[in-house]
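Trainee: Questions regarding the structure given below will be posed in turn.
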Amino acid sequence: MKPFHYQRADRLEHVAQLISASGAMAIAGGTNLIDLMKLQVETPDTIIDVNRLPLDQIAEEGDGLRIGALATNTATAGHGKVRSDYPILAKAILAGATQQLRNKATTAGNLCQRTRCYYFTNIDQPCNKRDPGSGCGAITGIARLHAILGTSDQCIATYPGDMAVAMAALDAKVEIKDRAGNTRSIAVRDFHRLPNDAPEKDNILEPGDIITGVILPAPVPGKQLYRKVRERSSYAFALCSVAAIIDMDEGKITRADLAFGGIAHKPWFDARLGELLVGETPSLSLFDKAADLLLEDAHGFGENDFKIPLTRRALAATLCEATGVDA
Amino acid sequence: MTAHLKQNKLDKRNVLDGMQQGIIGKPISRSEGLLKVTGKATYAAEYHLENCLEGVIVTAPFAKGRVTVIDESSVMEMPGVITVISDERMIARAAQGTAGAAPLQKACDVDYWGQPIALVVAESFEEARNAAKHLHIEFEVEDAIFDASEVEVEPQDGATQQGDLAQAMAEAEHSVDISYTTEGHASAAMEPHAAIADWDGETLTVRASLQMLNYNIGELADSMDLDESKVRLISRYVGGGFGSKLGISQEVVAASIAAMQLGRPVRVVMSRQQVFQTIMRRSETTQRLRLAADANGRLTGFGHEALVSNLPGEGFAEPVTQSSEFLYAGENRLLKIDIARIHRMTAGSVRAPGEAVGMPALEAALDELAEKAGIDPVELRLRNIPEEHPATGTPFSSHKLAECLQQGAKAFGWDSGPRKPRNRREGEWWIGTGVASAARVHIVSQARARVTLQADGTALVETDMTDIGTGTYTILGQIAGEMLGLAQEQVKVELGDTRHPRGSGSGGSWGAASVGSAVFVACEAIRAKIASQLGISADMELTLKDSTVSWDEGKKSLSDIIDGKDIAREGHYEPGDITEDYAASGYGAFFVEVAVNRWTGETRMRRMTGAFGFGRVLNEKTARSQCLGGMVWCIGSALTESLLFDPRDGHLVNCDLAEYHVPVNRDIPDLDVIMVEERDPAASPIQAKGIGELGMCGGAGAIANAIYNACGARMHDFPMTPDRVLAAMPDE
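Here the protein sequences line up with chains A and B, keeping their order. Okay, so the first sequence: first residue is 1 according to the numbering used here, each after it adds one. Okay, so the second sequence: first residue is 1 according to the numbering used here, each after it adds one.
This is the structure we're talking about:
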């Protein structure tokens, strides 16, 4: 661990200035950053403790719900409104990490968590995300955890989280305050990037930006499911996950908001799936068509080839469960 | 005074059963439990020594070659840095269990990725760790092979060849010939390897996390070129070993060199990644099982061949066929192990070496044979229990496999009707059941312990034996209390210090029977001394209970007899001819129910029953906990545990507990443990056998069999992860 300075930000106005400094990083729960600092993967000169900022509120805002950047995962998953109106979010959060980690982990920190690629976390191995230009160890290495969609020849890492996958299905917005104090918002679906030729950038945040909260839109009717496939039943990242909000009317699908985790550099949202499914009568062959569409550009790297059929099956299972198709 | 017992004969006296105190076998909670749960038990790294420096190990970022330059000047200007140690005495590999002498030294010659090559010592841990990351080294890398299938193999000694297996296979009514693979395993103990070394100019004292001080002292003394009398090891509490702390590891020697060189105490704690990358792995295995049976399912041929790997120069080969030697009948036998020399880190003992991976394959093959023969798998096992050791003809001492299978089946509610896969579905989950036998060869070793009946009427037990979380403190107190008529609280047990008599060490499940017998022998000597003080000839006429001695003609309190003078006896137990004359083993049976997801291939445990016979139960609670732990490891090796090595440079990629998946709470269903009463007169004078590892010998096979019964996927590769289950699952 590289020696670092510690500064506490007590007021939101100060944060932008503090984290704009070169080598500064914000720390909230620290469940990811501290591990990476110990491994010398992250080497900030200064960490800015943002835990005292008044950003931990969860409150109704318009027809929707505003989740503060510093609301803990435990608080969000346990919030009455989340449980009643956005159960998919509670389910996804509770499928992640462990109770101890969720007690510390925050909304913004969770969105910004870094990949669990084995080559990213080992500084004696090449990694374009950690050390741009050094190469990718995973592409021809052990790629069990890695992406099958949206990869580049620079990086095949996955975004490891669960919470953001549910937020992508819900079409939540991330609220960001920039260095100049202006607030903008961006869809969770667009917050994370694909690696392309700059895998060191996980998301669209610019220097000095700070996430202040996530806005959930007005609740929608329908079943909300989160299916996470993994070899052990807790404390494991998804081999693949499916977040689904499905509504039906008179035997036809009227809403199909789907997002996927564990298969790409970002929570994967493909608008074409909803377009394909809505208005149709649910059936296994329809779900197969949806999977064909989802996976038409999917590409495995040997170790993770299994994710392609696994994602297909996880999607079918989730849609069967949501629509009552008896397979 | 030392009392010595070399066990050459069956000990049918069952002395402990004749005692009156009534604490032996009772489910007494661990005596050190409160200290542990309140954080007051001091583990190796937790001692506060004045002026203590911190050392951090630097490891090789390549698998084979030579370190040519370690540039100390690259870090000496960094804050807090005291020195860089790259001494020829530093050990390149951890010592194998029971080595007793230095392992390979000269750490600059590198044989595996992550091999420790230097130690950076600084005033603070943070400074040492940061400097360690900045130490400039230069090296020459050589080509190396990391895959066992790419090298010529060496046959191991001790193969069994008897009759003609090929012919038996050709003539068999029913037969199977199946290949299995298992991946490498890590011990994955919670407490990382750690040592604090302190040199006072005369004696090197090292507080370390070690399983077998009786051997470790020789390993450290030899590494440091010191006389054993100049070395003291202290290891009072060990946060799990599972084989990884049998021999000394690199941090012990590195800390010792630094402490002697600097004249200040030095602490070295391995990071989690270093523990995974540098200590010991269980070898991956490739196994071929050939079973030939007659029309009634009686085995006529038994073949179990394995390919394992290790580094060049290592004597250890995963003893995959250890239980196959004797568990089942079959007059035509072929058992052999080949070893491939590859450049992954040292392969050594990891929880139940041999059986943990050999038995699941055997028990899965037996399930396929049962299906072919149309015989219930429990019945098939019962039909193949041999009368005597099938290769050597040695008689069994006490053998509880049949009872375990029968009692386990009853408790589990085993349905012995016809079995076919996909018979039961609940929602999207296929439900199935499976059975497997358990066996773990019983080992005892010599051990010494001193018992002192003290003037105040309490007793003190001292040995350098360790308690690695198994309950040794408690059971030794129970044995002494039972023998001397004292309550548990009146017996103090001091362990884990080489100033005490040499115990047996904790490993191979031999600790309780070995050092427990040494305590027993010492107590017998104390009882004899009491008898002689009272003028009574035969020791057995005495009844010692509640601090009172009574005999035919009288009654006297212990303190009156002691009369202010301690009675101290050292017990020295030694296994003798008995280990040759009888084949002793613990036996058991596993019954499991699993659910397999028809969409995703995920397997979840629903329930698991284990029935075990391991001689006398010394403490019902700690023994049960040992069985539970073993069953948990069965689930890990069946479903999740797998070391992943990069095929290009041989580095271990999943080197922490987030990515090396041991089971979590939610993976563990209701576990039911049945302990089958047994007294084994060949096992030890206390009639106890080993337990620790028995609980994980074969259970993964029961899970494989249950997965097949649930969903029709015959699994030949462990761990049985969702992707593998899906690939083997037939279409619905």
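Think of the CB as a built atom: it goes at the ideal place given N, C-alpha and C, for glycine as much as any other residue. On a predicted model such as this, the values are computed, not experimentally measured, just so you know.
Leaving out the 5 sequence neighbours to the left and right, which residues in its chain are closer than 6 Å to ARG189(A) when beta-carbon positions are compared?
Mentor: As a working mapping, residue 189(A) is identified with position 189 in the first sequence. Around ARG189(A): ALA168, PHE269.
Trainee: Could you tell me the boundaries of the alpha helix (DSSP H) in which LEU35(B) lies?
Mentor: For the purposes of this step, residue 35(B) is identified with residue 35 of the second sequence, where counting begins at 1. Unbroken alpha helix (DSSP H) run through LEU35(B): 33 to 37.
Trainee: Can you name, in chain order, every residue of its own chain whose Cβ lies under 6 Å from the Cβ of LEU644(B), other than the five neighbours on each side?
Mentor: Along the second sequence, read from residue 1 onward, the residue named residue 644(B) stands at position 644. Around LEU644(B): VAL653, ASN654.
Trainee: Assign TYR6(A) to buried or exposed, taking buried as 16 or more other Cβ atoms, counted over all protein chains shown, within 10 Å of its Cβ.
Mentor: The count along the first sequence starts at 1 and reaches residue 6(A) at position 6. Exposed: under 16 other Cβ atoms inside 10 Å.
Trainee: Give every residue of the same chain whose Cβ lies closer than 6 Å to the Cβ of SER349(B), excluding the five residues on either side of it in the sequence, and list them in chain order.
Mentor: Numbered from its first residue, the second sequence carries residue 349(B) at position 349. If we look at SER349(B) and ignore the five residues flanking it on each side, its Cβ neighbours are GLY97, GLY243, LEU246.
Trainee: Only counting the same chain, and skipping five residues up and downstream in sequence, which positions put a Cβ closer than 7 Å to that of ALA713(B)?
Mentor: In the second sequence, counting from the first residue as 1, residue 713(B) sits at position 713. Closer than 7 Å at the Cβ level, and outside the excluded window around ALA713(B), lie ILE707, VAL725, ALA728, MET729.
Trainee: Starting from the beta carbon of VAL664(B), find every residue of chain A whose beta carbon is closer than 9 Å, and list them in chain order.
Mentor: Counted from its first residue, the second sequence places residue 664(B) at position 664. The answer, in chain order, is THR98, ARG232, SER233, SER234, TYR235, ALA236.
Trainee: Between which two residues does the beta strand (DSSP E) harbouring ALA117(A) extend?
Mentor: By one-based count along the first sequence, residue 117(A) stands at place 117. First, the amino acid is wrong: residue 117(A) is Cys here, not Ala. DSSP places CYS117(A) outside any beta strand (DSSP E), giving it a letter other than H or E.
Trainee: Quick check on PRO722(B) - is its C-beta less than 8 Å from some C-beta in chain A?
Mentor: Taking the second sequence and counting its residues from 1, one reaches residue 722(B) at position 722. True, the Cβ-Cβ gap to chain A drops below 8 Å.
Trainee: Could you name the residues of the same chain whose beta carbon sits closer than 6 Å to that of LYS556(B), not counting the 5 residues immediately before and after it, in chain order?
Mentor: As a position in the second sequence, residue 556(B) is number 556, starting the count at 1. So the list reads VAL549, once near-sequence residues are dropped.
Trainee: Report the neighbours of LEU644(B) on chain A: residues whose CB is nearer than 9 Å to its CB, in chain order.
Mentor: The sequence position of residue 644(B) within the second sequence is 644, counting from 1. Those are TYR118, ILE142, ARG144, GLU303, listed as they occur along chain A.
Trainee: Can you give me the start and stop residues for the alpha helix (DSSP H) that ARG52(A) sits inside?
Mentor: The count along the first sequence starts at 1 and reaches residue 52(A) at position 52. No alpha helix (DSSP H) contains ARG52(A), which DSSP labels as neither H nor E.
Trainee: Just to check my reading of the structure: ALA584(B) and ALA438(B) have Cβ atoms closer than 8 Å, yes? What is that Cβ distance to the nearest angstrom?
Mentor: Translated into the one-based positions of the second sequence, residue 584(B) becomes position 584. Translated into the one-based positions of the second sequence, residue 438(B) becomes position 438. At roughly 15 Å, the Cβ-Cβ gap does not stay under 8 Å, so ALA584(B) and ALA438(B) are not in contact.
Trainee: GLU296(A): buried (16+ other C-beta within 10 angstroms of its C-beta) or exposed?
Mentor: As a first step, residue 296(A) must be located in the first sequence, where it is residue number 296. It is exposed - the Cβ of GLU296(A) has fewer than 16 other Cβ atoms within 10 Å.
Trainee: Go through the segment 418 to 499 of chain B residue by residue and report every complete run of the beta strand (DSSP E) that reaches 3 residues or more, in order.
Mentor: 429 to 441, 447 to 453, 459 to 462, 491 to 494
Trainee: Measure from the alpha carbon of ILE210(A) to the alpha carbon of each residue in ALA180(A), GLY78(A), GLY222(A), PRO219(A), then state which is nearest.
Mentor: For the purposes of this step, residue 210(A) is taken as residue 210 along the first sequence, with counting starting at 1. Residue ALA180(A) is the option with its Cα nearest to ILE210(A).
Trainee: If contacts are defined as beta-carbon pairs under 8 Å, then LEU380(B) and ALA370(B) qualify, I think. What distance do you get, rounded to the angstrom?
Mentor: The residue you call residue 380(B) lines up with position 380 of the second sequence. The residue you call residue 370(B) lines up with position 370 of the second sequence. Between ALA370(B) and LEU380(B) the Cβ distance is about 4 Å, and since that is below 8 Å, they are a contact.
Trainee: What is the DSSP secondary structure of PHE146(B), counted as helix, strand or coil?
Mentor: Residue mapping note: residue 146(B) aligns to position 146 of the second sequence, counting from 1. Looking at PHE146(B) - three-state DSSP - the assignment turns out to be coil, as it is neither helix nor strand.
Trainee: By DSSP's criteria, PHE139(B) is part of a beta bridge. Which residues make up the other side?
Mentor: Counting from 1 along the second sequence, the entry for residue 139(B) is found at position 139. Answer by DSSP bridge pairing, in chain order: VAL67(B).
Trainee: Output, in sequence order along the chain, the residues in the segment 121 to 143 of chain B whose CB is closer than 7 Å to any CB in chain A.
Mentor: GLU126, ARG129, ASN130, LYS133
Trainee: Going by DSSP, what residue range makes up the alpha helix (DSSP H) through CYS136(A)?
Mentor: Numbered from 1 along the first sequence, position 136 holds the residue referred to as residue 136(A). Looking at the DSSP string, CYS136(A) is not in any alpha helix (DSSP H), and its letter there is neither H nor E.
Trainee: Is the Cβ-Cβ distance between TYR573(B) and LEU5(B) less than 8 Å?
Mentor: Here the question's residue 573(B) lines up with position 573 in the second sequence. Here the question's residue 5(B) lines up with position 5 in the second sequence. When the beta-carbon positions are compared, TYR573(B) and LEU5(B) come within less than 8 Å of each other.
Trainee: Compare the beta carbon distance of ALA688(B) and ALA512(B) with 8 Å and say whether it is the shorter of the two.
Mentor: Walking along the second sequence from the start, residue 688(B) turns up at place 688. Walking along the second sequence from the start, residue 512(B) turns up at place 512. For ALA688(B) and ALA512(B), yes; Cβs fall inside 8 Å.
Trainee: I need the boundaries of the alpha helix (DSSP H) containing HIS14(A), first residue and last residue.
Mentor: Here residue 14(A) is taken as the residue at index 14 of the first sequence, counted from 1. Looking at the DSSP string, the run of the alpha helix (DSSP H) that includes HIS14(A) is 12 to 20.
Trainee: Note down the Cα distance separating ILE137(B) from THR203(B), rounded to an integer number of angstroms.
Mentor: Translated into the one-based positions of the second sequence, residue 137(B) becomes position 137. Translated into the one-based positions of the second sequence, residue 203(B) becomes position 203. Their Cα atoms are separated by approximately 33 Å.
Trainee: Alpha carbons only, please: which of ILE248(B), ALA638(B), PRO722(B), ALA295(B) is nearest the one belonging to MET224(B)?
Mentor: Looking up residue 224(B) in the second sequence gives position 224. Selected option, being the one with the closest Cα: ILE248(B).
Trainee: Measuring only between beta-carbons, confirm whether GLN40(A) sits less than 8 Å from chain B.
Mentor: As a working note, residue 40(A) is residue 40 in the first sequence. Yes, its Cβ sits closer than 8 Å to a Cβ of chain B.
Trainee: Give every residue of the same chain whose Cβ lies closer than 8 Å to the Cβ of ILE385(B), excluding the five residues on either side of it in the sequence, and list them in chain order.
Mentor: By one-based count along the second sequence, residue 385(B) stands at place 385. Excluding residues within five positions, the ones whose Cβ falls inside 8 Å are TYR328, ALA329, HIS399, LEU401, ALA402.
Trainee: Indicate whether at least one CB of chain B lies closer than 8 Å to the CB of LYS2(A).
Mentor: Position 2 of the first sequence, counted from the start, is the residue given in the question as residue 2(A). With 8 Å as the cut-off, LYS2(A) counts as an interface residue toward chain B.
Trainee: Sorted by chain position, which residues of the same chain lie with C-beta nearer than 7 Å to LEU226(B)'s C-beta, five sequence neighbours on each side aside?
Mentor: The residue you call residue 226(B) lines up with position 226 of the second sequence. Hits under 7 Å: LEU204.
Trainee: At the level of alpha carbons, what is the spacing between ASP249(A) and THR603(B)?
Mentor: Looking up residue 249(A) in the first sequence gives position 249. Looking up residue 603(B) in the second sequence gives position 603. If you take the alpha carbons of ASP249(A) and THR603(B), they lie about 35 Å apart.
Trainee: Run through DSSP, which three-state label would LYS9(B) get?
Mentor: Here residue 9(B) is taken as the residue at index 9 of the second sequence, counted from 1. Coil at LYS9(B), not helix or strand.
Trainee: Between ARG267(B) and ALA347(B), how many whole angstroms is the CB-CB distance? I'm expecting something under 8 Å.
Mentor: For this step, residue 267(B) is matched to residue 267 along the second sequence. For this step, residue 347(B) is matched to residue 347 along the second sequence. By a beta-carbon distance limit of 8 Å, ARG267(B) does not contact ALA347(B). Their separation comes to about 29 Å.
Trainee: Tell me THR72(A)'s beta-bridge partners as DSSP assigns them.
Mentor: As a position in the first sequence, residue 72(A) is number 72, starting the count at 1. Paired residues: THR106(A).
Trainee: Of all Cβ atoms in chain B, is any one closer than 8 Å to the Cβ of PRO126(A)?
Mentor: Numbered from 1 along the first sequence, position 126 holds the residue referred to as residue 126(A). Output row for PRO126(A): interface = no.
Trainee: Per DSSP, which one or two residues make a beta bridge with LEU327(B)?
Mentor: Translated into the one-based positions of the second sequence, residue 327(B) becomes position 327. LEU327(B) pairs with nothing; no bridge assigned.
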